[in-house]
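> Residue numbers (the working numbering), protein chains in the order written: chain A, 7 to 198; chain B, 7 to 198; chain C, 7 to 198; chain D, 7 to 198.
Glycine included, each C-beta is placed from N, C-alpha and C at the ideal position.
Protein chains: 4
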Amino acid sequence: MADVASRTGRPRRADVEAAVLDATAALVGDRAYAQVTIDAIAARAVVAKTTIYRRWSSKAELAVDALARTLGDPPVDDRDGATAVRAAVGWLAGRVREPDVRHLLVGLVDEAGRDPELRARLRARIRDPFTQALCERWEVEASVVDLVVDVVLGAVLHRIAMSGDIGDGDVESVVDLAVHALFRGPTVSVEP
Amino acid sequence: MADVASRTGRPRRADVEAAVLDATAALVGDRAYAQVTIDAIAARAVVAKTTIYRRWSSKAELAVDALARTLGDPPVDDRDGATAVRAAVGWLAGRVREPDVRHLLVGLVDEAGRDPELRARLRARIRDPFTQALCERWEVEASVVDLVVDVVLGAVLHRIAMSGDIGDGDVESVVDLAVHALFRGPTVSVEP
Amino acid sequence: MADVASRTGRPRRADVEAAVLDATAALVGDRAYAQVTIDAIAARAVVAKTTIYRRWSSKAELAVDALARTLGDPPVDDRDGATAVRAAVGWLAGRVREPDVRHLLVGLVDEAGRDPELRARLRARIRDPFTQALCERWEVEASVVDLVVDVVLGAVLHRIAMSGDIGDGDVESVVDLAVHALFRGPTVSVEP
Amino acid sequence: MADVASRTGRPRRADVEAAVLDATAALVGDRAYAQVTIDAIAARAVVAKTTIYRRWSSKAELAVDALARTLGDPPVDDRDGATAVRAAVGWLAGRVREPDVRHLLVGLVDEAGRDPELRARLRARIRDPFTQALCERWEVEASVVDLVVDVVLGAVLHRIAMSGDIGDGDVESVVDLAVHALFRGPTVSVEP
DNA sequence: TTCTAATCGAGACGGTACGTCAGGTCTTGTT
DNA sequence: AACAAGACCTGACGTACCGTCTCGATTAGAA
């Protein structure tokens with residue numbers, strides 16, 4: 007979406023964006039993203055379908071923004087480095103277990119496979135902000151954090167997709183695994 | 007599918023199954039799972055659509071079988087325990103990077119989120135055989151292997167979905183991470 | 007539409023065509039053709055929209071068939087030449103005054119202006135059969151009959167479009183005018 | 007349209023009306039009335055869509071005015087009564103053969119069927135002026151002229167709609183037919 | 001050999017969502 | 001006020017795919 011509004015013409019309704027994104031998140035909390043129709047989103051947001059297509063060129067773009075909004079930012083944490091990082095990663099893992107975040111992310115991962123632009127958008131809006139937030143506060147390398155994020159998100163999503171759910175213990179395990187790699191470095195091979 | 011062929015009536019063509027599964031894998035190698043239509047599969051396999059639906063009740067079920075067939079079995083390995091296990095997990099990670107396996111799996115993960123039966127089928131045909139193969143030959147607990155598989159598959163898939171590709175080094179990292187957990191136990195440090 | 011049904015595959019439902027054409031005529035009796043939606047026709051005929059589009063490539067083609075069916079054939083007439091011809095033309099004029107025939111014809115005339123194929127279809131299905139029926143029974147030239155038909159239909163339609171209705175006397179006048187030309191020849195100029 | 011300009015506020019641009027009507031006529035010369043969008047007219051007239059809707063309440067009203075402007079008035083003719091009347095009717099027939107006049111009229115006829123106000127407007131702006139011009143100069147009854155006009159316009163339009171074009175001879179025939187009725191009276195022979 | 005029952009090919013069918021388009025209304029800032 | 005620009009709502013469009021169905025034509029084993 008354009009960052010600068012054009013100077014002329016009727017300005018865009020300011021509340022439309024939030025209404026549509028919230029409607030999307032709400033509907034996606036009940037059923038999977040593929041089951042949520044643009045018409046249903048429009049109806050719930052009390053907005054015309056054409057208004058949605060004027061702002062987002064596809065369902066996927068809309069989903070990225072809805073995900074970014076629903077996901078939110080990790081809570082601030084003043085504790086010691088390792089502890090705080092672990093908390094942040096754990097928060098992310100917890101968010102992905104929620105139905106709305108999960109449904110959006112899974113649906114997008116499916117479509118991202120066939121759309122490079124969507125991938126870039128997904129990185130820019132979802133992963134990068136989280137990674138940056140961590141890097142700004144503690145001394146960690148961005149590329150390593152990216153991998154940690156992918157491991158955590160991927161593992162949790164895949165586990166739920168395969169088993170319908172994931173236990174608290176398994177989430178802990180995955181987070182531990184990833185954070186351990188983050189600090190010790192990921193190349194701790196089993197062989198001597 | 008029926009295990010026993012009925013005694014009367016025209017017998018089913020024996021070569022149909024392989025032709026359809028191969029056609030599915032071939033088409034899914036080029037485009038994403040959602041882009042591959044049943045009609046296209048039927049046309050490529052030179053088979054009627056009805057013939058497909060007589061054997062598989064839905065596109066998803068067909069995809070599971072196609073995935074199982076395309077994925078194949080891990081190569082036999084006579085080496086020492088830890089080394090062989092790592093090789094097996096590494097082989098799995100390598101297979102998931104291939105477009106056909108990846109597209110099928112991602113598409114199925116999407117649908118599995120809203121279909122418990124599909125989840126069960128997916129576990130039974132894809133994850134369990136692999137887990138069993140490992141458990142039979144080496145002393146590892148099934149539930150731990152399951153988690154390792156989910157971590158590896160999920161991480162690799164998610165990485166590719168986010169970045170379009172995954173480097174050899176990152177694959178190594180993920181496999182190391184997972185195998186390390188497999189032997190040390192995943193509960194490295196739940197408490198701070 | 008294809009005259010010969012293909013030998014293979016599920017045969018087309020025989021009653022669909024009549025149901026759709028009747029539904030079209032019925033709906034077009036109430037409102038103008040442009041106001042009648044394909045969805046409404048499908049709903050009234052208890053048929054899927056796709057089924058309609060399988061048989062008719064556009065709303066206009068459907069309308070031509072609906073018009074041909076609704077219009078019907080001129081009643082048989084054993085009387086003397088001139089009298090019978092006048093009766094036939096009068097019958098045509100009377101039919102065009104009916105809302106369903108009128109709405110269909112006006113809507114088609116509008117679209118025919120931008121579609122040569124539709125024009126040909128319109129001639130073949132509507133005007134030619136009527137002209138032929140007259141030529142077969144009495145000694146009249148086809149091209150002259152065509153012109154007479156165009157004069158009668160055009161005049162009645164235009165009159166109704168301009169005034170909302172046309173009186174019985176005016177219909178008589180138009181028919182007389184046209185039939186007079188038919189027998190005396192149209193080139194009876196006012197000048198000597 | 008308002009007859010008196012209000013005293014306060016910015017005065018209306020005087021050249022807008024002509025620009026819009028000309029743009030309409032020009033666009034309608036190429037494609038059919040239904041294919042010409044208000045946005046296209048606005049763009050061609052270098053005028054905002056709101057400016058158009060401030061003057062005309064609908065596309066149809068605009069089209070009526072555009073038609074009246076494009077059609078123009080019959081040329082003055084000082085010859086003897088019958089000859090001049092025939093020339094005037096012939097001029098009208100000739101004008102209707104032009105693409106712009108024809109497209110506008112056909113499109114309006116379609117819409118007039120469902121809109122009584124449009125019918126009245128069409129009569130007042132198109133048919134009545136022509137009829138009056140004839141009545142003022144020669145001794146003919148208005149209602150008869152109206153019928154003649156409807157016959158000529160209807161016949162020519164319908165002929166073109168059915169055949170794509172109309173030959174000069176056929177136009178002559180139609181005009182002769184109509185004018186003949188005008189002078190002899192239309193009730194040549196209602197009874198057999 | 002004839003009968004029987006299931007398979008196969010071909011394609012019609014119902015249903016659901018898609019993304020687009022045009023008419024007409026409304027809301028800004030500018031003249 | 002009028003105007004330019006463009007957002008907005010409404011309603012219909014024609015398309016695509018899924019999964020079901022109905023035919024005629026096969027193709028075996030059973031009677």
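For residue 175 of chain B and residue 25 of chain A, what's the separation of their Cα atoms in angstroms?
Going from the Cα of residue 175 of chain B to the Cα of residue 25 of chain A covers about 43 angstroms.
> State yes or no: is the beta carbon of residue 96 of chain A nearer than 7 angstroms to at least one beta carbon in chain B?
No, its Cβ sits nowhere closer than 7 angstroms to a Cβ of chain B.
> Do residue 95 of chain B and residue 158 of chain B have their C-beta atoms closer together than 7 angstroms?
Their beta carbons are under 7 angstroms apart, which means residue 95 of chain B touches residue 158 of chain B by this criterion.
> Looking at chain D, which residues of the segment 91-123 of chain C have a Cβ within less than 7 angstroms of any of its Cβ atoms?
Those would be 109, 112, 113, 115, 116, 118, 119, 120, 122, in chain order.
> Closest Cβ-Cβ distance between residue 72 of chain D and chain C: below 7 angstroms?
Not one chain C Cβ lies under 7 angstroms of residue 72 of chain D.
> What three-state label does DSSP hand residue 106 of chain A in the structure shown?
In this structure, residue 106 of chain A counts as helix in the three-state DSSP scheme.
> Can you find a C-beta in chain D that's less than 7 angstroms from the C-beta of residue 51 of chain C?
Not one chain D Cβ lies under 7 angstroms of residue 51 of chain C.
> Going by C-alpha to C-alpha distance, which of A:61, A:87, A:97 sits closest to residue 17 of chain A?
Ranking A:61, A:87, A:97 by Cα distance to residue 17 of chain A puts A:61 first.
> What's the call for residue 117 of chain A, buried or exposed, on a 16-neighbour Cβ count within 10 Å?
Burial call: buried.
> At 7 angstroms on the CB atoms, spell out the chain D contacts of residue 48 of chain C, in chain order.
Within 7 angstroms Cβ-Cβ: nothing; residue 48 of chain C doesn't reach chain D, min ~22 angstroms.
> Does chain D have any CB closer than 7 angstroms to the CB of residue 187 of chain C?
Yes, its Cβ sits closer than 7 angstroms to a Cβ of chain D.
> The ligand ZN heavy atoms versus the CB of residue 129 of chain B: any closer than 6 angstroms?
For the structure depicted, the ligand ZN is absent and the ligand set is empty, with no information on it obtainable.
> Going by alpha carbons, who is nearest to residue 71 of chain B out of B:139, B:29, B:181?
That would be B:29, whose Cα lies nearest to the Cα of residue 71 of chain B.
> Are residue 13 of chain B and residue 170 of chain A close, meaning C-beta to C-beta below 7 angstroms?
No.
> Suppose the cutoff is 6 angstroms on Cβ atoms and the five residues either side in sequence are ignored; what does the same chain contact list for residue 165 of chain C look like?
Answer for residue 165 of chain C: 172, listed in chain order.
> With distance defined between alpha-carbon atoms, name the residue in A:156, A:84, A:42, A:92 nearest to residue 68 of chain A.
With distances taken between Cα atoms, residue 68 of chain A lies closest to A:42.
> Could you tell me which chain A residues have their CB closer than 7 angstroms to the CB of residue 41 of chain B, listed as they occur along the chain?
Within chain A, the residues near residue 41 of chain B are 120.
> With 16 other CB atoms within 10 Å as the buried threshold, where does residue 154 of chain C fall?
Residue 154 of chain C comes out buried.
> Residues of chain A with CB under 7 angstroms from residue 31 of chain B, in chain order?
Chain A residues near residue 31 of chain B: none, gap ~16 angstroms exceeds 7 angstroms.
> Name the residues in the segment 136-161 of chain D whose C-beta lies less than 7 angstroms from a C-beta of chain C; which are they?
Going along the segment 136-161 of chain D in chain order, one finds 153, 156, 157, 159, 160, 161 with a Cβ nearer than 7 angstroms to chain C.
> Thinking C-beta only, is residue 120 of chain C closer than 7 angstroms to residue 66 of chain D?
For residue 66 of chain D and residue 120 of chain C, no; Cβs fall outside 7 angstroms.
> Identify whether residue 137 of chain C lies in helix, strand or coil by the three-state DSSP scheme.
Helix.
> Using DSSP with H/G/I as helix, E/B as strand and the rest coil, what is residue 57 of chain B?
Residue state, collapsed to three classes: helix.
> If you count every other CB in all the chains shown that lies within 10 Å of the CB of residue 189 of chain B, and 16 or more means buried, which is it?
It counts as exposed.
> Beta carbon of residue 161 of chain A, beta carbon of residue 161 of chain B: below 7 angstroms?
Result yes, Cβ atoms of residue 161 of chain A and residue 161 of chain B sit closer than 7 angstroms.
> Closest to residue 104 of chain B by C-alpha separation, out of B:147, B:77, B:123, would be which residue?
For residue 104 of chain B, the nearest C-alpha among the options comes from B:77.
> Does DSSP put residue 14 of chain C in a helix, in a strand, or in coil?
Residue 14 of chain C falls in the coil class under three-state DSSP.
> Consider the Cβ of residue 68 of chain A: report whether some Cβ of chain B lies at a distance smaller than 7 angstroms.
By this cut-off, residue 68 of chain A is not an interface position.
> Within its chain, find whatever has a CB closer than 8 angstroms to the CB of residue 97 of chain A; leave out the 5 residues flanking it on each side and keep chain order.
80, 81, listed in sequence order.
> So, does the CB of residue 130 of chain D fall closer than 7 angstroms to a CB anywhere in chain C?
No, residue 130 of chain D lies away from the interface with chain C (no Cβ there is under 7 angstroms from its Cβ).
> With H, G and I counted as helix, E and B as strand and the rest as coil, what does DSSP make of residue 76 of chain B?
Three-state result, residue 76 of chain B: helix.
> Here's the rule: buried if 16 or more other CB atoms are within 10 angstroms of the residue's CB, otherwise exposed. What is residue 130 of chain D?
Per the 10 Å Cβ criterion, exposed.
> Looking at residue 92 of chain D and residue 151 of chain D, is the spacing between their C-beta atoms short of 7 angstroms?
Not closer than 7 angstroms, so no.
> Taking all protein chains shown into account, decide if residue 137 of chain A is buried (16 or more other Cβ within 10 angstroms of its Cβ) or exposed.
Buried, because 16 or more other Cβ atoms sit within 10 Å of the Cβ of residue 137 of chain A.
> Listing by chain order, which chain B residues have their CB less than 8 angstroms from the CB of residue 163 of chain A?
Correct list: 115, 160, 164.
> State the Cα-Cα distance for the pair residue 46 of chain A and residue 20 of chain D, rounded to the nearest angstrom.
Those two C-alpha atoms are separated by around 47 angstroms.
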